[in-house]
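Numbering (the numbering used here), first residue to last: 9 to 431.
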């Protein structure tokens with residue numbers, strides 16, 4: 009007989025997660041929340057089930073507009089009252105308006121074609137398929153340290169061995185190259201590369217901005233050899249890193265840009281491939297060559313259109329927050345040199361690298377206890393990410409920095425001076 013679970017309590021919810029989702033997830037969630045679960049959110053703040061409040065400077069880059077941005081919520085609510093799902097056999101005006109808004113936002117003169125999905129992996133899978141179909145080639149180049157998702161095609165271009173080895177062989181023909189110009193010429197020697205896929209800032213890989221010189225060399229060499237350039241801006245785009253897109257800000261001319269995470273305004277799951285006509289040609293010729301049931305779903309399209317507008321109204325606010333974080337995190341590193349090896353990032357995407365994963369883990373847990381939620385990096389466990397929303401106030405940014413400072417000051421001695429590794 010199934011035991012009764014009281015889902016109205018944090019303990020009951022964690023018990024249900026343990027039984028039906030994952031014991032490990034229940035353990036992690038319970039530790040991160042000190043036994044509490046998330047209850048509601050507004051702006052940069054969360055309310056927890058035990059009555060505590062927390063700053064949301066994490067959420068894996070989804071809540072760029074904070075929790076429940078009013079313009080996005082209003083757009084979704086209006087669509088919910090009109091037509092929340094599409095018939096898929098008739099055109100939908102909300103979806104059409106979103107596609108037009110995306111093309112106008114990204115590059116209205118070059119990247120005029122749009123494919124819509126639900127998450128970043130959806131966009132990566134669609135882009136890989138289109139690159140292979142459009143070129144007739146099968147090889148794809150990615151960069152060491154990259155993270156592009158965990159579905160089987162996306163996982164093939166993801167670098168982290170932790171998620172790859174137990175599932176290999178994955179999609180064949182993927183080569184990871186070092187983020188160094190010297191690695192580029194030889195990678196194209198056989199003339200069989202369909203596309204290169206690259207993040208301008210590696211998020212899950214430890215918040216590592218790639219050198220613009222490397223990115224330009226990679227893109228120009230790819231185009232010289234008839235290969236497409238796909239830029240993964242799922243985490244970095246929409247002013248997360250300052251400009252609307254990092255790739256266009258540094259002068260790249262990609263054949264496709266991938267968007268997701270914040271694209272749904274923190275309210276709906278939405279992703280997109282925004283591409284040139286040549287890259288998109290297989291879908292133009294046969295729109296059924298790659299489809300998903302909820303591609304361009306009206307609720308997501310409404311959220312996305314509202315999110316694009318809201319992001320632009322907050323661009324100046326983002327610049328101010330970026331300055332506060334840059335200065336504040338540099339000071340944090342100076343005050344705790346025995347714990348922090350490096351601070352790096354741009355805009356509202358910052359990584360703090362600690363001396364060991366154990367220190368990062370302690371800081372993550374203690375930050376949560378003190379009311380600050382940040383995100384770990386799946387590919388670099390010694391790095392914690394700060395991903396504040398554009399709507400955060402100066403006071404909230406200072407509050408987050410003060411919390412980190414206090415947490416670092418309280419790191420236990422055993423983490424500061426770990427026992428030496430035996431020979």
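Note that beta-carbon positions come from the ideal geometry of N, C-alpha and C, so glycine has one too.
Q. Buried or exposed: residue 390, going by 16 or more other Cβ atoms within 10 Å of its Cβ?
A. Mapped onto the chain shown, residue 390 falls at position 382. The residue is buried, with at least 16 neighbouring Cβ atoms inside 10 Å.
For residue 104, which of 322, 303, 80, 325 has the nearest alpha-carbon? Counted from its first residue, the chain shown places residue 104 at position 96. The shortest Cα separation from residue 104 among 322, 303, 80, 325 belongs to 303.
Residue ranges of each alpha helix (DSSP H) run of no fewer than 4 residues wholly in the segment 174 to 253, ordered along the chain?
-> 192 to 195, 220 to 232
request  = Taking residue 362 as part of the beta strand (DSSP E), name the residues at either end of that continuous run.
outcome  = As a first step, residue 362 must be located in the chain shown, where it is residue number 354. 357 to 362 is the extent of the beta strand (DSSP E) around residue 362.
Using a beta-carbon distance below 8 angstroms, is residue 175 in contact with chain D? No chain D is present in this structure, which holds just one protein chain.
Original post:
residue 267: buried (16+ other C-beta within 10 angstroms of its C-beta) or exposed?
Top reply: On the chain shown, residue 267 is found 259 positions in, with the first residue counted as 1. Under this definition residue 267 is a buried residue.
Under DSSP, the alpha helix (DSSP H) around residue 129 begins and ends at which residues?
On the chain shown, position 121 is the one that residue 129 refers to. It spans 128 to 143 - the alpha helix (DSSP H) in which residue 129 sits, taken as one unbroken run.
#### Entry: Same chain, Cβ closer than 7 angstroms to residue 415, five either side skipped, listed in chain order
Residue numbering aside, residue 415 sits at position 407 when the chain shown is read from its first letter. For residue 415, where only same-chain residues beyond five positions count, the Cβ hits under 7 angstroms are 371, 374, 375, 378.
- Give, in chain order, every unbroken run of the beta strand (DSSP E) that is at least 3 residues long and sits entirely within the segment 257 to 292. Counting only unbroken stretches of 3 or more residues, the beta strand (DSSP E) elements lying wholly within the segment 257 to 292 are 264 to 267, 279 to 283, in sequence order.
Quiz item: Apart from the five residues on each side of it in sequence, which residues of its chain come closer than 7 angstroms, Cβ to Cβ, to residue 171?
Solution: Residue mapping note: residue 171 aligns to position 163 of the chain shown, counting from 1. Closer than 7 angstroms at the Cβ level, and outside the excluded window around residue 171, lie 158, 163.
ask   = What residues in its chain sit with their C-beta under 8 angstroms from that of residue 277, if we drop five residues either side in the sequence?
value = Along the chain shown, one-based indexing puts residue 277 at 269. If we look at residue 277 and ignore the five residues flanking it on each side, its Cβ neighbours are 126, 127, 308.
Starting from residue 413 and walking both ways along the alpha helix (DSSP H), at which residues does that stretch end?
The residue given as residue 413 occupies position 405 in the chain shown. Per DSSP, residue 413 belongs to the alpha helix (DSSP H) from 402 to 417.
Checklist entry - Does the ligand SAH have even one heavy atom less than 7 angstroms from the beta-carbon of residue 88? => result Although the ligand SAH was asked about, the structure shown includes no ligands whatsoever.
| request: Locate the beta strand (DSSP E) running through residue 393, then write down its first and last residues. | output: Position 385 of the chain shown, counted from the start, is the residue given in the question as residue 393. Note, residue 393: beta strand (DSSP E), 391 to 394.
To the nearest angstrom, report how far apart residue 412 and residue 31 are at their CA atoms.
In the chain shown, residue 412 corresponds to position 404, counting from 1. In the chain shown, residue 31 corresponds to position 23, counting from 1. So the alpha carbons of these two residues sit roughly 29 angstroms apart.
Report the residue from 269, 321, 289 whose alpha carbon sits nearest the alpha carbon of residue 129. Indexing the chain shown from 1 puts residue 129 at position 121. Out of 269, 321, 289, 269 has the C-alpha closest to the C-alpha of residue 129.
| request: Please name the residue in 138, 119, 113, 243 whose C-alpha comes closest to that of residue 294. | output: Reading the chain shown from its first residue, position 286 is the one you call residue 294. If we check each option's Cα against that of residue 294, 138 comes out closest.
Mapping the DSSP letters down to three states, classify residue 75 as helix, strand or coil. Sequence index remark: in the chain shown, residue 75 carries index 67 (1-based). It is a strand residue.
TODO: Grab me the residues of residue 344's own chain with a C-beta within less than 7 angstroms of its C-beta, minus the 5 sequence neighbours each way, in chain order.
DONE: As a position in the chain shown, residue 344 is number 336, starting the count at 1. Here the set comprises 416.
Exercise. For residue 35, which of helix, strand or coil comes out of DSSP?
Worked result: Mapped onto the chain shown, residue 35 falls at position 27. Assigned with DSSP and collapsed to three states, residue 35 falls in helix.
Would you mind giving the Cβ-Cβ distance between residue 185 and residue 151, rounded to the nearest angstrom? I have them listed as a contact below 8 angstroms.
As a position in the chain shown, residue 185 is number 177, starting the count at 1. As a position in the chain shown, residue 151 is number 143, starting the count at 1. Sure, about 6 angstroms apart at Cβ, within 8 angstroms.
- Task: Answer yes or no: do residue 326 and residue 398 have a C-beta to C-beta separation smaller than 8 angstroms?
- Result: Looking up residue 326 in the chain shown gives position 318. Looking up residue 398 in the chain shown gives position 390. Yes, the Cβ-Cβ distance between residue 326 and residue 398 is below 8 angstroms.
- Does the distance from the CB of residue 233 to the CB of residue 194 come in under 8 angstroms? Mapped onto the chain shown, residue 233 falls at position 225. Mapped onto the chain shown, residue 194 falls at position 186. Not in contact: residue 233 and residue 194 (Cβ atoms no closer than 8 angstroms).
_I want to know whether the segment 314 to 334 touches the segment 356 to 370 - three or more CB-CB distances under 8 angstroms._
yes
*Use the C-beta contact count for residue 432: other C-beta atoms within 10 angstroms, 16 or more gives buried, fewer gives exposed.*
With the chain covering 9 to 431 only, the question about residue 432 has no answer from this structure.
**Asked** Anyone know if the C-beta pair for residue 54 and residue 46 falls short of 8 angstroms?
**Response** Counting from one through the chain shown, the residue named residue 54 turns up at place 46. Counting from one through the chain shown, the residue named residue 46 turns up at place 38. Their beta carbons are under 8 angstroms apart, which means residue 54 touches residue 46 by this criterion.
Can you tell me whether DSSP reads residue 110 as helix, strand or coil?
Taking the first residue of the chain shown as position 1, residue 110 is located at position 102. Here residue 110 sits in helix by DSSP.
Notebook entry, point to check: Are the Cβ atoms of residue 207 and residue 244 separated by less than 8 angstroms?
Noted result: Here residue 207 refers to the residue found at position 199 when the chain shown is read from its first residue. Here residue 244 refers to the residue found at position 236 when the chain shown is read from its first residue. In contact: residue 207 and residue 244 (Cβ atoms closer than 8 angstroms).
Can you have a look at residue 292 and say buried or exposed, based on whether 16 or more other CB atoms are within 10 angstroms of its CB?
One-based indexing of the chain shown puts residue 292 at position 284. It is exposed - the Cβ of residue 292 has fewer than 16 other Cβ atoms within 10 Å.
Review point. Nearest to residue 392 by CA position, among 299, 133, 349, 180, is which residue?
Key: As a working note, residue 392 is residue 384 in the chain shown. Among 299, 133, 349, 180, the Cα nearest to that of residue 392 is on 349.
Note to self: Please tell me whether residue 404 and residue 160 are closer than 8 angstroms, where the distance is taken between their beta carbons.
What the structure shows: Taking the chain shown and counting its residues from 1, the one referred to as residue 404 is at position 396. Taking the chain shown and counting its residues from 1, the one referred to as residue 160 is at position 152. No.
From the DSSP output, in three-state form, read off residue 23 for me. Taking the first residue of the chain shown as position 1, residue 23 is located at position 15. Helix.
| message | In the DSSP output, what is residue 384 paired with across the bridge? | response | Looking up residue 384 in the chain shown gives position 376. Residue 384 is bridged by DSSP to 392.
- Message: Measuring alpha carbon to alpha carbon, tell me which residue in 51, 28, 50, 57 is nearest residue 42.
- Response: The count along the chain shown starts at 1 and reaches residue 42 at position 34. Ranking 51, 28, 50, 57 by Cα distance to residue 42 puts 57 first.
Hey, residue 263 and residue 238 are a contact pair by Cβ (cut 8 angstroms); roughly how many whole angstroms apart?
Within the chain shown, residue 263 is the residue found at index 255, counting from 1. Within the chain shown, residue 238 is the residue found at index 230, counting from 1. Their Cβ separation, rounded to whole angstroms, is 7 angstroms, which keeps residue 263 and residue 238 in contact under 8 angstroms.
Hey, could you find the ends of the alpha helix (DSSP H) residue 327 is sitting in? Here the question's residue 327 lines up with position 319 in the chain shown. First-last of the alpha helix (DSSP H) with residue 327: 323 to 343.
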